[in-house]
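A.B. asks:
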Amino acid sequence: MNSERLKDFRQAAYELLVLAKDATFELMDAVMTTRNAACLAEFSLNPLFNRQWSSVYEALQDCRPDRKKLMMLYQEQLQQQVPSTARRKYTDY
Numbered sequence: 096m097n098s099e100r101l102k103d104f105r106q107a108a109y110e111l112l113v114l115a116k117d118a119t120f121e122l123m124d125a126v127m128t129t130r131n132a133a134c135l136a137e138f139s140l141n142p143l144f145n146r147q148w149s150s151v152y153e154a155l156q157d158c159r160p161d162r163k164k165l166m167m168l169y170q171e172q173l174q175q176q177v178p179s180t181a182r183r184k185y186t187d188y
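Numbering (this note's numbering), first residue to last: 96 to 188.
1) Would Leu114 be called buried (16 or more neighbouring beta carbons within 10 Å of its own) or exposed?
2) Do Leu143 and Thr119 come within 8 Å of each other at the CB atom, strictly closer than that value?
3) Once the 5 residues before and after Tyr109 are set aside, which same chain residues still bring their CB inside 8 Å of it?
4) With the cut-off set at 8 Å, would you say Val151 and Ala136 are in Cβ contact?
5) Alpha helix (DSSP H) containing Leu173: first to last residue?
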């Protein structure tokens, strides 16, 4: 994925978040870049999460994204990543 497409994808995902957008987005980045975490609070130690540890819990409690739209966005991105011949192969089942 090129950097411009990644930037567009991240912006589209951000727009689908409702409340606590910034904290939730930072939490998503922390989750994707943390190798091992024994508890949720450990994500607050990630340098990409620029908030206090309690914001991890608040972001999860406050954020209510439109799950259907978010899943559609993810599926669109995945379909762009997989060559069309491979898609046909997997959809034949």
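Heads up, the beta-carbon is just placed ideally off N, CA and C, and yes, glycines get one too.
C.D. replies: Taking the coordinates as given:
1) Translated into positions along the sequence shown, residue 114 becomes position 19. Answer is exposed; the Cβ neighbour count stays below 16.
2) Within the sequence shown, residue 119 is the residue found at index 24, counting from 1. Within the sequence shown, residue 143 is the residue found at index 48, counting from 1. The answer is no: Cβ separation not under 8 Å.
3) As a first step, residue 109 must be located in the sequence shown, where it is residue number 14. If we look at Tyr109 and ignore the five residues flanking it on each side, its Cβ neighbours are Lys116, Phe120.
4) As a first step, residue 151 is located in the sequence shown; it is residue number 56 there, counting from the start. As a first step, residue 136 is located in the sequence shown; it is residue number 41 there, counting from the start. Against a cut-off of 8 Å, the Cβ pair of Ala136 and Val151 comes out as a contact.
5) Working through the sequence shown from its first residue, we reach residue 173 at position 78. Note, Leu173: alpha helix (DSSP H), 162–176.
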